[in-house]
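To keep things clear, I will list the structure first and then write my remarks on it.
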Amino acid sequence: MTGRNRTFIGQDTTYGDDKNPGNSLSLLEYAMQAQRWHYSFLLPSSAVAVESGQPVTKSNIEALRTNTGVLVLAADILAVGDTYTLHY
Numbered sequence: 001m002t003g004r005n006r007t008f009i010g011q012d013t014t015y016g017d018d019k020n021p022g023n024s025l026s027l028l029e030y031a032m033q034a035q036r037w038h039y040s041f042l043l044p045s046s047a048v049a050v051e052s053g054q055p056v057t058k059s060n061i062e063a064l065r066t067n068t069g070v071l072v073l074a075a076d077i078l079a080v081g082d083t084y085t086l087h088y
């Protein structure tokens, strides 16, 4: 992971509500906890796709080679930090 994959998502107040009650974390520590990470999952150039549940046949592969679709990927992510463990 590098800094290119990370964005900070805010301060310790959101819409006027204190999200760091009792200032349990310093502003710097809070900012370190309030991060988003962005990733790209890349497929090898030889990868092919077929509709879910369909057999891998030449005609099913060609049916999706129209350059008009988007492949949707699901990932099971566990982010372990010193304050929270998040499961996405």
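With full-length UniProt numbering, you'll find the sequence shown wraps up at 88, consecutive numbering, no jumps.
Idealized CB from N, CA, C, for every residue including glycine.
Item: Between the CA atoms of L27 and Q11 - distance to the nearest angstrom; Value: 8 Å
Item: Residues near A79 by beta carbon distance below 6 Å, same chain, minus five either side; Value: L86
Item: Distance CB(Y88)-CB(I77) smaller than 8 Å; Value: yes
Item: Proximity winner among Y15, G22, G16 and E29, relative to G81 (alpha-carbon distances); Value: E29
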